[in-house]
Amino acid sequence: MKPVVETEHLSKWYGNVLGLSDVSLQIEPGITGILGPNGAGKSTFLKLILGQLKPNIGTCAIKGEMIRNNYALFSNIGFCPEQDAFYDELTGWQFMIGLLKLHHFSSSEIEIRARKALEIVELIEDKDRIIKSYSRGMRQRLKFAQAIAHDPEIIILDEPLNGLDPLGRRKVIRLIKSYKGEGRTILVSSHVLPEIEAMTKRIILIHQGKIFAQGDIHYIRDLIDTHPHIVSIKCSDPRQLASKFIQEDFVLNVNFSSTEGTLLVKTNNRDKFFGILPSLFVKYDIDVEEITSPDDNLQAVFDYLVGK
Amino acid sequence: MTIKEKGYAHWDGEFLDKKFPWWPIARYGIKLTFRKKFFKLFFAGSLVPAVIFLAGIYVSERLEDFKFMFQESVPFLQINPAYFETYLSEGFMLFILIVILIFCGSGLISDDLKHNSLQLYFARPLKKKDYFLGKTAVIVFFLFILTLIPGLVFFIMKLIFAGSFKFFLTYPWLPLSIIGYSILVTAFFSFYTLFISSLSKNRRYVAILIFGIYISSDIFHAIFYDNFHSHYFSLLSIRANIQQVSAFIFSEKTPYPISWIYSFLVLTSICVLAGFILKKKVKGVEIVK
Chain A
1 MKPVVETEHL SKWYGNVLGL SDVSLQIEPG ITGILGPNGA GKSTFLKLIL GQLKPNIGTC
61 AIKGEMIRNN YALFSNIGFC PEQDAFYDEL TGWQFMIGLL KLHHFSSSEI EIRARKALEI
121 VELIEDKDRI IKSYSRGMRQ RLKFAQAIAH DPEIIILDEP LNGLDPLGRR KVIRLIKSYK
181 GEGRTILVSS HVLPEIEAMT KRIILIHQGK IFAQGDIHYI RDLIDTHPHI VSIKCSDPRQ
241 LASKFIQEDF VLNVNFSSTE GTLLVKTNNR DKFFGILPSL FVKYDIDVEE ITSPDDNLQA
301 VFDYLVGK
Chain B
1001 MTIKEKGYAH WDGEFLDKKF PWWPIARYGI KLTFRKKFFK LFFAGSLVPA VIFLAGIYVS
1061 ERLEDFKFMF QESVPFLQIN PAYFETYLSE GFMLFILIVI LIFCGSGLIS DDLKHNSLQL
1121 YFARPLKKKD YFLGKTAVIV FFLFILTLIP GLVFFIMKLI FAGSFKFFLT YPWLPLSIIG
1181 YSILVTAFFS FYTLFISSLS KNRRYVAILI FGIYISSDIF HAIFYDNFHS HYFSLLSIRA
1241 NIQQVSAFIF SEKTPYPISW IYSFLVLTSI CVLAGFILKK KVKGVEIVK
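For the record, the sequence lines run as chains A and B.
Quick note, the first sequence lines up with residues 1 to 308 if you use our numbering.
Quick note, the second sequence lines up with residues 1001 to 1289 if you use our numbering.
Here's what the structure looks like:
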């Protein structure tokens, strides 16, 4: 698939401070999570993609066109900033109308688009309230509304779930995911791992201005050879299974979980491990209830990569 | 990955440049100014001098009828370039312009900085140039209503009241002087106001600075002149510099015995410096502390 966003050796310094270093990547349609701790360079990366920052080295192209000073491209990009960016004394409706005017739609088109966006984020009934009276969740949704109102193909969301309560978070995650099936390219940054995990399996890990990894969470996990995988097996005879595993050189550790009938096996070769697993079940007539990988999630990947 | 459907209006990669991308910003700024407390009242009041000067032009053509009223004001009622210059560049009019700038200009950039709106503006098909044009247009709108429009109306009304083109034939360059002066003073005050507005996120501080810098420049001029008796200190005063250049534009004697060129250079330098700093200060992003 043709990449929508393409960067080559993208680097940015703020004086002596490194913002982003030598980032070359391609982002395809769908949701991509930009993950990293605070100050990792996520916002710098997003604002370089937006053309709001000038890179010291490297280039960034959107659909093959250089973004910097290519203002026409912005008709096709929706941006939801991390910080609040409202005129508090305006109503939600006035805010939407004001920003849509910058896209030069006709008056009737502006109203249609503002109404549609506010309906999507479930703020249509509160459209005439001043933004000052909006809750944190409503403000986040309003920011999302202004990012989607002009129907962009590329949506860039900088920490869209910041400060939201669980209900608000679910609403925004649902909104973001609803755009996944429309062929758009959505970039979401966050420092909260489960938030990204709830939206997408495709991630870019940024730490100290560098890209640590990019791709599917499971794929990235496989790349980490130096860290063993933990596999949890809930079965009818965990002790017998354990006795067979300890004879294998790719099994480093076997533990019994506090949950009854569950075995935790640590292996440095997942392929070999899963290769012999079915034959062991069959040979020793063991009934399997559940096989899971407790460390095959974003938190584990991230911890391994940043060396925690 | 699977793409089920494309629900958005598909982008074919070609966009057309819009004619006046700055217009929504300008219109919003003008609307917001009229919503400010007491602005309408003050703005209406600021047009009173124009009405008085217009009445002066009418009376000057009917001196015989009004002789009993204006016997001592007859010299003042000589309608010539100096009459226009008096209206446009006297201290009282510049003071009115400063107050109007406080109303319409103090929040132009500072409010955007306060509300982090710049990143939203610049994430849209809007160039920095268009942003500045939109903001400048707000100032231009109000200042032209007080300078260019009355100046040209005076000129036209003088011809109408006189019922001849004699005045035009005597001073054919006067309309150009009015236009030239209005552009100069508006351009200077636009840079001045936008620059100060970009210095703080607090509109009140900006308002104080717009007023304070203008007044204190005059005070410094007075202090230094009293101590050193050199007219070159008039270059410290914004008002004096504008009046010096204005005198040249209207072919009048400069109020201070130094060349108007110096004043023009001072005003131009302030504009260049303000423009340079504005370009640096107004950015869509602010990330690293």
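We treat Cβ as the ideally placed atom computed from N, Cα and C, and that holds for glycine.
Query, Result
"Cβ pair count under 8 angstroms reaching 3, the region 1116-1136 of chain B against the region 1058-1067 of chain B", "no"
"Own chain, CB closer than 6 angstroms to Asn253 (chain A), minus 5 neighbours either side, in chain order", "Lys266"
"Helix, strand or coil at Glu119 (chain A) according to DSSP, with G and I counted as helix", "helix"
"Chain B within 8 angstroms of Ile211 (chain A), Cβ atoms only", "no"
"Alpha-carbon to alpha-carbon, Phe1224 (chain B) and Phe1233 (chain B)", "6 angstroms"
"Candidates B:Val1099, B:Phe1039 and B:Gln1243: closest to Ser1290 (chain B) by CA position", "Residue 1290 (chain B) cannot be examined here, being either before or after the span of chain B that is shown, 1001 to 1289."
"Strand pairing of Val23 (chain A), partner residues [DSSP]", "A:Leu10"
"Alpha helix (DSSP H) runs contained entirely in the region 1121-1161 of chain B, provided each spans 4 or more residues", "1128-1146"
"Chain A contact residues for Leu1120 (chain B), given Cβ-Cβ distances below 8 angstroms", "Phe79, Pro81, Ala85, Leu99 and Gln146"
"Residue-level contact to chain B via CB, Ala40 (chain A), 8 angstroms cutoff", "no"
"As assigned by DSSP and simplified to three states, the class of Gly183 (chain A)", "coil"
"Closer than 8 angstroms to chain A by CB, Lys1135 (chain B)", "no"
"Span of the beta strand (DSSP E), counted from its first residue to its last, around Asn255 (chain A)", "Val251 to Phe256"
"Neighbour-count burial assignment, Ala331 (chain A), 16 or more Cβ in a 10 Å radius", "The structure shown does not extend to residue 331 (chain A), since chain A is modelled only from 1 through 308, so no value can be given for it."
"Tyr1214 (chain B) versus Leu1094 (chain B) - alpha carbon distance", "10 angstroms"
"Beta carbon proximity, Ser75 (chain A) to chain B, threshold 8 angstroms", "yes"
"Phe1165 (chain B), DSSP secondary structure in three states", "coil"
"Three-state secondary structure (DSSP) of Ile1210 (chain B)", "helix"
"Local conformation of Ile156 (chain A) per DSSP, three classes", "strand"
"Closest residue to Ile110 (chain A) among A:Phe95, A:Asp271, A:Leu123 and A:Val121 (Cα-Cα distance)", "A:Phe95"
"Where Asp216 (chain A) falls: helix, strand or coil (DSSP)", "strand"
"Three-state secondary structure (DSSP) of Gly36 (chain A)", "coil"
"8 angstroms contact criterion, which Ile291 (chain A) and Ile233 (chain A) should meet: CB distance rounded", "5 angstroms"
"Ser190 (chain A) - DSSP class collapsed to helix/strand/coil", "strand"
"Proximity test, Cβ basis, 8 angstroms: His1229 (chain B) and chain A", "no"
"CA-to-CA distance, Tyr284 (chain A) to Leu263 (chain A), given in whole angstroms", "16 angstroms"
"Nearest-angstrom Cα separation, counted from Cys80 (chain A) out to Ser135 (chain A)", "17 angstroms"
"Contact set for Phe1250 (chain B): own chain, Cβ-Cβ below 6 angstroms, skip 5 residues either direction", "Pro1081, Glu1085 and Ser1177"
"Distance CB(Leu48 (chain A))-CB(Ile34 (chain A)) smaller than 8 angstroms", "no"
"Buried versus exposed call for Pro55 (chain A) [16 or more other C-beta atoms within 10 Å across all chains shown]", "buried"
"Buried versus exposed, by CB contacts within 10 Å (16 or more), Leu1198 (chain B)", "Checking the sequence, you will find Ser at residue 1198 (chain B) rather than Leu. It is buried - the Cβ of Ser1198 (chain B) has at least 16 other Cβ atoms within 10 Å."
"Segments of 3+ residues assigned as beta strand (DSSP E) that fall wholly inside the region 1178-1247 of chain B", "none"
"Neighbouring residues, chain A, relative to Leu1126 (chain B) (Cβ below 7 angstroms)", "Tyr71 and Leu102"
"Boundaries (first-last residue) of the beta strand (DSSP E) holding Ala61 (chain A)", "Ile57 to Ile62"
"Within chain A, partners of Asn1116 (chain B) - CB distance below 9 angstroms", "Pro81, Gln83, Asp84, Ala85 and Phe86"
"Collapsed DSSP secondary structure at Phe1020 (chain B) in the structure displayed", "coil"
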